[in-house]
Amino acid sequence: MNKSLFLADDDIDDRMLFEDALNEVYTGVDLILAIDGEELMQKLQQRLPSLPSLVFLDINMPRKNGFQCLREMRERTLLQDIPVVIISTSNEERIIEESYSQGANYYICKPNSFEKLKQAIHDVLSLDLQLRATQPSKEEFLLQY
């Protein structure tokens, strides 16, 4: 698998766990980590015109939160088609609804076990996320583990 992924999450333990899970599920995936939304946007800008295959995005982060990043990505021509999967501890309906309306492709409540996290990563990377336009119906938007 030749993919480039970004993960923006302010929790160091969650970042390390995600990276470990990804490495067990797929090899050869280039994972770029960001500690907050501000760093994510800087790293995306630095890599242009090369775009990642997918961005995993936490909502609650300092400096620039996930909604601000998602909004900025969807407004910028060069970034608007990057698939975005929200991965958050929140299972509040209003947060999930806001993620959908802002143009995220999928929403995952952070799994409570390493095995479930591996399954979530596997499932998302198995989806055909070619363009932002492939946003699923609201019923299929929330992936639960």
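My numbering puts the sequence shown at residues 4 to 148.
All C-beta atoms in this analysis are idealised placements derived from N, C-alpha and C, irrespective of residue type, glycine included.
Since the structure is predicted, the reported quantities are computational estimates derived from the model, not experimental observations.
Exposed unless 16 or more other CB atoms sit within 10 angstroms - verdict on residue i
i: proline 55; result: buried
i: serine 53; result: exposed
i: leucine 134; result: Note that leucine 134 scores a pLDDT of 47, beneath 50, so its modelled location is shaky and nothing firm can be said.
i: threonine 51; result: Looking at the sequence provided, one finds leucine at residue 51 rather than threonine. When all chains shown are included, leucine 51 counts as exposed.
i: isoleucine 98; result: buried
i: isoleucine 15; result: exposed
i: phenylalanine 117; result: exposed
i: aspartate 12; result: buried
i: leucine 81; result: exposed
i: proline 65; result: exposed
Anticipated Cβ contact below 8 Å, residue i with residue j, distance rounded
i: histidine 24; j: leucine 120; result: At residue 24 the sequence reads alanine, which differs from the histidine that was named. Yes, alanine 24 and leucine 120 are in contact; Cβ-Cβ is about 5 Å, under 8 Å.
i: cysteine 112; j: serine 91; result: 7 Å
i: glutamine 105; j: arginine 77; result: 7 Å
i: isoleucine 124; j: valine 58; result: Actually they are not in contact, since the Cβ atoms of isoleucine 124 and valine 58 sit about 13 Å apart, beyond 8 Å.
i: serine 102; j: isoleucine 89; result: 5 Å
i: leucine 43; j: arginine 18; result: No, leucine 43 and arginine 18 are not in contact; Cβ-Cβ is about 12 Å, not under 8 Å.
i: glycine 40; j: lysine 67; result: 3 Å
i: asparagine 108; j: glutamine 138; result: 6 Å
Secondary structure of residue i, DSSP reduced to three states
i: serine 91; result: strand
i: valine 127; result: helix
i: isoleucine 111; result: strand
i: isoleucine 38; result: coil
i: serine 104; result: helix
i: leucine 134; result: Unreliable placement is indicated for leucine 134, whose pLDDT of 47 sits below 50; no coordinate value is reported for it.
i: tyrosine 148; result: coil
Where the alpha helix (DSSP H) through residue i begins and ends
i: alanine 24; result: 15 to 28
i: lysine 141; result: 141 to 144
Delimiting residues of the beta strand (DSSP E) encompassing residue i
i: leucine 81; result: No beta strand (DSSP E) holds leucine 81; DSSP gives it neither H nor E.
i: leucine 51; result: Per DSSP, leucine 51 belongs to no beta strand (DSSP E) and is neither H nor E.
i: serine 7; result: 7 to 11
i: valine 32; result: That residue, valine 32, is in no beta strand (DSSP E); it is neither H nor E in DSSP.
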